[in-house]
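Working notes, beginning with the structure itself.
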Ligand SMILES: [Zn+2]
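In the numbering used here, the protein residues as written are 1 to 437.
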């Protein structure tokens, strides 16, 4: 708890002098400070927000809780994670910090260690962390190469049920696009995904038959009414243009579902003309793009000869947003061979994104990348904004400005869910020791 703030347990209260960013509170009007914040009152009754109104020198409501200018943000939405892989680092580190090193390490760990119990324990650990940090919805990819699909999907369904009301969970299958060549098997996987209410996903590589394989993925998704989620171009290779191929496939199939594409790192390495053509196609096709700044910074441009990395690894998020493409940032991997660190803390992701991707000068509506935009891509019922009628799901920070908020870890933030301050307990790493032997 942040010391002097005490949220009443009956779920009825008014927060006064809260700093609310205009980009996350559509009903709120100014005047805003230079950071885009408005000093506001947030009224909560029966677990829901009943009003967000600018302070404007009005009399302070009786029995209100004075936040003295602290920032309040909606609870976070993390739209790209891998909680099936999370926390295996102590038993299976990445030998050299490269993408190939990660792929091989995870592959061998999965084969021998990913039992139902192992996956469940690590998933639960990850979700407890995410919840304590203020996340309310999360999409995970699930390694779905056989026989892992028959282990991880049932565990995921159990976790989704267990976490209902705390974290809304979604899953997308993860298979290399070459796996789609096994058409009968991939069709069975698509059926499983559909039965589980999941999202159809794949990792695209520049294989010769990429368009044909994408056509098959899109056809299965259309037949089953599934949304799509791709890992694309997680590389510095200029010739990696699968983002464009996905956009072309979406247009070819007149796809009407949601498509989220992650990474798209190579876009930042390509010549301007090619970039502009791809951006136009992505916008026309209605794709959404999620950048994974921490994982990209870790894996990309690692040259293997102990030289200094020279680019940041992230995709062209500003240019995509300028074209009207919905853009998000997310956690990606946590303490596994793809990323040695991380704790599913979306404030950390936003802080790192601000530095790596320049979410500043101006801050504009970048705060939507960790809430409202991924909520729409994930089709959540709640828009992850601060507005009348929304569930009272928000985080109260110490910081009163972006420079205060993004300079400290905010370990004593207050997470309010349905109008109640939750008990924020991060799980102890020692809990996982027995799985690491
Ligand atoms: Zn990923």
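All C-beta atoms, glycine included, are put in the ideal place defined by N, C-alpha and C. Given the structure is predicted, the values throughout are model-derived calculations rather than measurements.
Backbone secondary structure at residue i - three-state DSSP
i, result
"residue 264", "coil"
"residue 362", "coil"
"residue 222", "helix"
"residue 1", "Only weak support exists for where residue 1 lies, its pLDDT of 46 falling under 50; the coordinates are left without a value."
"residue 216", "helix"
"residue 281", "helix"
"residue 6", "coil"
"residue 176", "strand"
"residue 200", "strand"
"residue 240", "coil"
"residue 101", "helix"
"residue 292", "coil"
"residue 230", "strand"
"residue 33", "coil"
"residue 130", "helix"
"residue 48", "strand"
"residue 255", "coil"
"residue 299", "helix"
"residue 438", "Residue 438 lies beyond the range of the chain shown here (1 to 437); nothing can be said about it."
"residue 41", "strand"
"residue 25", "coil"
"residue 136", "strand"
Reference residue i; option with closest CA among the options
i, options, result
"residue 87", "126, 6, 203 and 139", "126"
"residue 234", "206, 250, 251 and 257", "206"
"residue 219", "204, 60 and 183", "183"
"residue 43", "391, 357 and 433", "391"
"residue 261", "398, 34, 79 and 358", "79"
"residue 211", "223, 143 and 178", "178"
"residue 4", "428, 287 and 397", "397"
"residue 352", "89, 411 and 294", "294"
"residue 225", "196, 307 and 357", "196"
"residue 445", "104, 266, 363 and 68", "No answer is possible for residue 445: the residues shown for the chain start at 1 and end at 437."
"residue 366", "92, 276 and 21", "21"
"residue 187", "310, 216, 171 and 339", "216"
"residue 305", "59, 274, 98 and 91", "98"
"residue 386", "257, 10 and 15", "15"
"residue 239", "433, 106 and 268", "268"
"residue 38", "49, 57, 77 and 47", "57"
"residue 192", "154, 214 and 251", "154"
"residue 421", "395, 432, 402 and 405", "395"
"residue 360", "403, 340 and 380", "403"
"residue 290", "51, 253 and 228", "228"
"residue 264", "288, 121, 399 and 252", "288"
"residue 250", "272, 283 and 236", "283"
"residue 280", "221, 321, 47 and 52", "321"
"residue 466", "319, 246 and 142", "Examination of residue 466 is not possible in this model, given that the chain is present from 1 through 437 alone."
"residue 244", "266, 221 and 257", "266"
"residue 375", "29, 32 and 330", "330"
"residue 148", "112, 168, 255 and 10", "112"
"residue 53", "27, 47, 63 and 32", "27"
"residue 124", "142, 162 and 89", "162"
Residue j beta carbon less than 9 Å from that of residue i
i, j, result
"residue 230", "residue 201", "yes"
"residue 343", "residue 102", "no"
"residue 417", "residue 136", "yes"
"residue 285", "residue 248", "yes"
"residue 130", "residue 70", "no"
"residue 314", "residue 296", "yes"
"residue 151", "residue 65", "no"
"residue 156", "residue 109", "no"
"residue 412", "residue 74", "no"
"residue 357", "residue 410", "no"
"residue 60", "residue 378", "no"
"residue 368", "residue 24", "yes"
"residue 140", "residue 172", "yes"
"residue 144", "residue 213", "no"
"residue 106", "residue 92", "yes"
"residue 138", "residue 81", "yes"
"residue 11", "residue 41", "no"
Minimum Cβ-Cβ distance from residue i to chain D less than 9 Å
i, result
"residue 339", "You won't find chain D in this structure, because it holds only one protein chain."
| request: Note down, one range per segment and in chain order, each alpha helix (DSSP H) of at least 4 residues found wholly within the segment 53–99. | output: none
| task | Go through the segment 314–351 residue by residue and report every complete run of the beta strand (DSSP E) that reaches 3 residues or more, in order. | result | 327–329
| said: To test your reading of the DSSP string, which unbroken alpha helix (DSSP H) runs of 4 or more residues are found completely within the segment 145–169? | reply: 148–162
| Segments assigned beta strand (DSSP E), at least 3 residues, entirely inside the segment 378–422 | 394–396 and 414–417
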